[in-house]
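This report refers to the structure that appears directly beneath it.
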Amino acid sequence: MEIARHDDVAEFARTVRPMLDADPVRHTILLSVLDGLVRGGERAEVLLTGRAGERIEACALRSSGMKLLVSGVPVRHGAAVAATLAGVRLPGVSGPRPEAEAFAVEYASRTGAGVELAMAMRLFALGELRRPTVAGSARLAQEQDIDLMGGWRAAMADEIGMGWHDPHTPAEVAASAQRLGRGEVLWEYGGEPVSYASVCRPVAGMARIGPVFTPPEHRGHGYAAAATSFASQWAIDAGADHVLLFTDAANQVTNRLYPRLGYRHVHDASDLAFALDPGLRAG
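The sequence shown begins at 287 in my numbering and counts up by one.
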């Protein structure tokens with residue numbers, strides 16, 4: 287397999303989209319991140335393809351400050367991609383469990399990196415939406431809500447132990463989400479926002495919900511379920527054939543919640559962190 291590094295995000299997208307579009311559920315994160323980079327005119331740290339003849343058989347992407355996305359790197363090609371990136375300092379890798387773990391093993395063997403499980407995740411796909419009855423009402427967020435949503439994004443990152451690693455501030459990420467046409471849903475009770483659900487615009491017929499966050503003082507009332515169901519309907523109305531979301535596999539509350547809304551478990555995914563030799567170059 288011939289492996290190539292790319293610099294132009296739009297050209298990379300044209301090259302890999304046929305492969306990704308063939309299975310938008312499996313490649314949900316890679317597709318939505320790539321779409322955001324193209325539409326926002328942003329660059330990426332790693333854009334890599336693996337080609338056998340005229341056929342693209344592998345692709346990987348790392349946006350600034352984030353882990354390498356490897357849903358497009360089949361297990362059989364993990365060693366070749368890891369060898370290509372062995373001189374690059376990667377913070378981690380994320381993708382469906384088989385692909386992520388295969389790449390991590392190969393990368394660690396070449397770099398001496400330690401590998402830690404940052405989060406085990408479950409991907410859910412919507413079947414028939416079941417809307418809950420919850421006090422309050424939904425609305426789409428406006429410009430004046432950007433600081434609130436940014437603060438909640440940061441609070442969620444801290445709560446799940448991931449921390450905030452995006453080079454952009456939480457408010458900048460929230461503003462970009464609105465600018466890129468995401469569905470940013472606030473559930474209100476008594477005129478006060480009490481929960482938040484974000485959903486990406488459909489890409490290749492796929493839309494993914496996340497983050498979903500309810501501040502601790504407002505939990506236990508079903509607000510997250512209500513916000514998620516409204517965001518799910520927004521995605522359907524926007525043309526999504528597949529509405530997806532990830533959960534923390536260790537969070538039994540969310541793993542019980544989403545099936546009640548009509549979501550079914552699709553596959554497991556792994557978010558892995560690398561502890562690296564500081565002498566490796568960043569990339």
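Ideal Cβ placement from N, Cα and C applies to all residues, glycine included.
| request: Would you list the residues sitting across from A559 in a DSSP beta bridge? | output: G378, E402
| If you compare alpha carbons, which of A490, R300, V420, H451 is closest to S481? | V420
| message | Between V379, T314, A427, which has its C-alpha nearest R465's C-alpha? | response | A427
| request: Measure the alpha-carbon distance for A559 versus S357 and round it to whole angstroms. | output: 16 Å
| For N609, which option in H553, R408, G400 has the closest C-alpha, if you only look at C-alpha atoms? | Residue numbering for the chain in the displayed model covers 287 to 569; residue 609 lies beyond these limits and cannot be assessed.
| request: Give the secondary structure of H504 by DSSP, where H, G and I count as helix, E and B as strand, and everything else as coil. | output: Residue state, collapsed to three classes: helix.
| query | L354 to R439, Cα distance in whole Å? | reply | 21 Å
| task | Kindly indicate which three-state DSSP category R417 falls into: helix, strand or coil? | result | coil
| task | For G469, collect the residues of the same chain with a Cβ closer than 6 Å to its Cβ; drop the 5 residues on either side in sequence, then sort them by chain order. | result | V485, A517, W520
| task | Answer yes or no: do E288 and A338 have a C-beta to C-beta separation smaller than 9 Å? | result | Taking the C-beta atoms as reference points, A338 is found nearer than 9 Å to E288.
| message | Can you find the residues in the same chain that come closer than 7 Å, C-beta to C-beta, to A526, ignoring five residues on each side of it along the sequence? | response | P488, G491, M492, A493
| Could you check where the alpha helix (DSSP H) with R439 kicks off and where it finishes? | Residues 432 to 445.
| said: Pull the bridge partners of V498 from the DSSP assignment, please. | reply: Partner(s): A483.
| Which listed residue (L415, L376, P418) has its alpha carbon closest to that of G400 | If we check each option's Cα against that of G400, L376 comes out closest.
| message | Rounding to the nearest angstrom, what Cα-Cα distance links A524 and S395 in this structure? | response | 44 Å
| query | Opposite S423 in the DSSP bridges: which residues? | reply | E474
| request: May I have the straight-line CA-CA distance separating A296 from L316, to the nearest angstrom? | output: 14 Å
| field | Expected contact under 8 Å - CB spacing of S318 and A330 to nearest Å | value | The Cβ separation is near 14 Å, so there is no contact.
| field | G336 beta carbon less than 9 Å from that of H363 | value | yes
| If you run the structure through DSSP and keep just helix, strand and coil, what is G467? | Residue state, collapsed to three classes: coil.
| query | Going by other Cβ atoms of all chains shown within 10 Å of its Cβ, with 16 needed for buried, is L403 buried or exposed? | reply | exposed
| query | With which residues is D554 paired in a DSSP beta bridge? | reply | R408.
| Beta-carbon contacts of D307 that lie in its chain and below 6 Å, excluding the five residues immediately before and after | A490
| query | Can the beta-carbon of A512 be found closer than 9 Å to that of P453? | reply | no
| task | Throw me the rounded Cβ distance for the L547 and T514 pair, which I believe falls under 8 Å. | result | About 6 Å separates the beta carbon of L547 from that of T514, a gap short enough to meet the 8 Å contact definition.
| Whole-angstrom C-beta distance between L530 and V311, which should lie under 8 Å | With a Cβ gap of about 6 Å, V311 and L530 count as contacting.
| field | G378 beta carbon less than 9 Å from that of D554 | value | no
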